[in-house]
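Right, one structure below, let's go through it.
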Amino acid sequence: MVEFFDKNKNLDGLVVNLKAYLRRGMVFAALAALSIGGYLVYSAWNYGVGFPLDDAWIHQTYARNLALLGEWSFVPEQPSAGSTGPLWAALLAVGHALGLGPYIWTYALGWLSLAGLGMLGALVFEFFCPSRQKWHIWAGALLIFEWHLVWAAASGMETILFSLFCMAVLLALLVAERRSALGKEFWFSLGALVGFSVWARPDGITLLGPVILYLVLQHDGEWRKTVRQFMMFSAGFGIIFIPYLFFNVRNAGAVWPNTFYAKQAEYAILRSKPYVQRWLDEAALPLIGVGAMLLPGFFYEFWQALRTRRWPIVAAGLWTLGFLSIYAWRLPVTFQYGRYVIPVMPVYFVLGLSGLVKWAQPQSERLLARVVSRAWVLISLFTAIGFWWMGVRIYARDVEFIESEMVTVARWVAANTASDDLIAAHDIGALGYFGGRKIVDLAGLISPEVIPFIRDESQLEAYLNQQSVDVLVTFPGWYPALSTGATLRFQTDAPLSKQMNYENMAVYTWNIP
């Protein structure tokens, strides 16, 4: 199907190709429905419907307020920038406006994003490995059934949408490599695409790297042409990105959302580890599952790309390593299955599969090469299937944890506190959606003034007193000094937390001296 991007196609050929892509899209949509549907059905059957992260409810709260109140706020009439992905929240708002929120529309967006990721991954694979195009269905299926990506698609978070942007930018560079005479409209559109990716996640700014690197490497001495392409790309990017900066300044008083600063401050202690160890911890996350089997293929593909001057592939490989390096430097967290670095995984997987397919020799006349190649491919297949099933159970457990702790507490607060009570909490997602109270955010997402002392309980205590907080909601061990000085009113008795040796979330009356 790569010929779709070739020049001089007549109308009949275009129609044939479009029909073929439509059929392929339907296949990937069906596979994505099967994959994400397995996670959702298993979770609903064994516990219930929900999301595996409290942060998903932050997006839902912004989306609901946007749809119903016409304002960008977490607490009504208080504009804020606590949503990392404004574009994702805006898409979710459509569901609330249609009466399909918070679940049906969100899951549908996750399904479409996962199917689109499979479709784009298959296309990218064809560019990577044109001699093995019959493998394209396997490349798309790999992404659709890889457990990190399915978990992300069903999480209610913007991660899977941003992954789609990353794969689309890589595909665009491969198209540019194949059609060197692309006009200014292409580069302007590519810049706009990168700009929109920043609205999905601030990490989208990193996609400037592979595009600029490609422009520099592929110039072939035609610098004037490269400068024109760069100018058009910059114009497209700027026209989308500059409003994003103004949006944040208006709502947060800074060019980046509150989450950008709050997360780095909260987890700054993790940067005390040696950088090499932090990088290895981040790099290990894509290897949990079939990614471990694809590691040799990744390096083989990258090396071959260097030798043959396939600059889009080189740029993609360097972006993957660079993305991990940035997180190891500024936000070296590995919890929730590496959700912050999940967007690099699809690119890594396609690179790895392409290298594996080129390296493997299942039909070799040499017995050892034939046996090793076939064994490697089969082990990779069974590893992917096994981890998909493991992810099904992990997802259901995560949903149960959020529902039995955060959502339960939020509903209790709504039913048992006064409407004018001021609530201090660290996990604000479900509390904002179900609680219906004004909130002081101990994590700084909607209360950025706490960021400078986000880890200092004595200063937090003084701040809560200054704000005349009425109720504290937290896990006791997260703020031992704050919870010790407060009066316990309610604590969940959820069995899952006890089985995992965690605490149950608690609600306290805040005793102002």
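The sequence shown lines up with residues 16 to 528 when you count with my numbering. For each residue, glycine too, the CB sits at the ideal point set by N, CA and C.
Worksheet item: If you draw a straight line from the alpha carbon of L26 to that of T221, how long is it in whole angstroms?
Response: Here L26 scores only 48 on pLDDT, less than 50, and its place in the model should not be relied on; the value that follows carries that caveat. Those two C-alpha atoms are separated by around 38 Å.
Discussion item. Can you look up A521 in the DSSP assignment and give me helix, strand or coil?
Written reply: strand
Worksheet item: What residue range is occupied by the uninterrupted alpha helix (DSSP H) comprising F252?
Response: W238 to A267
Worksheet item: For P94, which three-state DSSP category applies?
Response: strand
Fill in: Beta-carbon spacing of E464, P491 below 8 Å
no
Worksheet item: Which first and last residues belong to the alpha helix (DSSP H) in which D508 is found?
Response: Unbroken run through D508: none, as it is neither H nor E.
Worksheet item: Using CA coordinates, which residue listed in G52, D69 and L107 is at the minimum distance from Y77?
Response: Residue L107 is the option with its Cα nearest to Y77.
Item to complete: Could you say which of L132, F256 and P101 lies nearest to F364 if we only look at CA atoms?
Response: By alpha-carbon distance to F364, the top candidate from L132, F256 and P101 is L132.
Item to complete: Could you check how far apart the C-beta atoms of P94 and N266 are, in whole angstroms? I think they sit under 8 Å.
Response: Confirmed, Cβ separation roughly 5 Å.
Practice prompt. Can you check DSSP and say which residues form a bridge with D456?
Written response: A440
Discussion item. According to DSSP, simplified to helix, strand and coil, what is F140?
Written reply: Helix, per DSSP.
Worksheet item: Closest to Q351 by CA distance: which of I303, L460, V428 and P101 is it?
Response: I303
Worksheet item: Start and end of the beta strand (DSSP E) containing V488?
Response: V486 to T489
Discussion item. Quick check: the stretch 242 to 252 against the stretch 120 to 132, are at least 3 beta-carbon pairs closer than 8 Å?
Written reply: no
Item to complete: Provide the residue span of the alpha helix (DSSP H) that contains G500, from first to last.
Response: That residue, G500, is in no alpha helix (DSSP H); it is neither H nor E in DSSP.
Item to complete: Give the range of the alpha helix (DSSP H) segment to which M360 is assigned.
Response: M360 to W374
Discussion item. Once the 5 residues before and after S212 are set aside, which same chain residues still bring their CB inside 6 Å of it?
Written reply: F180, G219 and L222
Worksheet item: What are the boundary residues of the alpha helix (DSSP H) that includes H111?
Response: P101 to A112
Fill in: V486 beta carbon less than 8 Å from that of I438
yes
Worksheet item: By Cβ distance, which residues of its chain are closer than 6 Å to S512, with the 5 residues on each side in sequence left out?
Response: N519
Practice prompt. Starting from Q482, follow the alpha helix (DSSP H) in both directions and report where the run begins and ends.
Written response: From DSSP, Q482 is part of no alpha helix (DSSP H); its letter is neither H nor E.
Worksheet item: Which value, in whole angstroms, describes the spacing of the CA atoms of L339 and N431?
Response: Approximately 44 Å between the Cα atoms of the pair.
Discussion item. Is the beta carbon of L188 closer than 8 Å to that of V226?
Written reply: A Cβ-Cβ contact shorter than 8 Å links V226 with L188.
Discussion item. Quick check on DSSP: helix, strand or coil for F536?
Written reply: Residue 536 falls outside the range modelled here, since the chain spans only 16 to 528, and no answer is possible.
Worksheet item: Should Y282 and V348 be called a contact, given that it needs their Cβ atoms to be closer than 8 Å?
Response: In this structure, V348 lies closer than 8 Å to Y282 by Cβ.
Discussion item. Restricting to Cα atoms, I'd like to know which of A458, A477, Y410 and E192 is closest to G171.
Written reply: Y410
Practice prompt. Identify whether S170 lies in helix, strand or coil by the three-state DSSP scheme.
Written response: Three-state DSSP puts S170 in coil, outside helix and strand.
Item to complete: Report buried or exposed for K278, applying the criterion of at least 16 other Cβ atoms within 10 angstroms of its Cβ.
Response: buried
Discussion item. Cutting at 8 Å between CB atoms, please list the residues of its own chain near G268, excluding the five before and the five after it.
Written reply: Correct list, in chain order: P463.
Worksheet item: Going by C-alpha distance, which of A433, F317, R324 and R325 is nearest L336?
Response: F317
Discussion item. For a test of the three-state rule: what should DSSP assign to S340, helix, strand or coil?
Written reply: In this structure, DSSP gives S340 a helical state, which the three-state scheme calls helix.
Fill in: Length of the line joining the Cα atoms of I255 and F177
16 Å
Discussion item. I need the DSSP call for Y57, collapsed to helix, strand or coil.
Written reply: helix
Worksheet entry | Which of helix, strand or coil DSSP assigns to S88 | The answer is strand: DSSP assigns S88 an E or B state.
Worksheet item: In angstroms, rounded to a whole number, what distance separates the CA positions of K149 and A167?
Response: Straight-line Cα distance between these residues: approximately 28 Å.
Worksheet item: Comparing alpha-carbon positions, which option in G447, R408 and W403 lies nearest M421?
Response: G447
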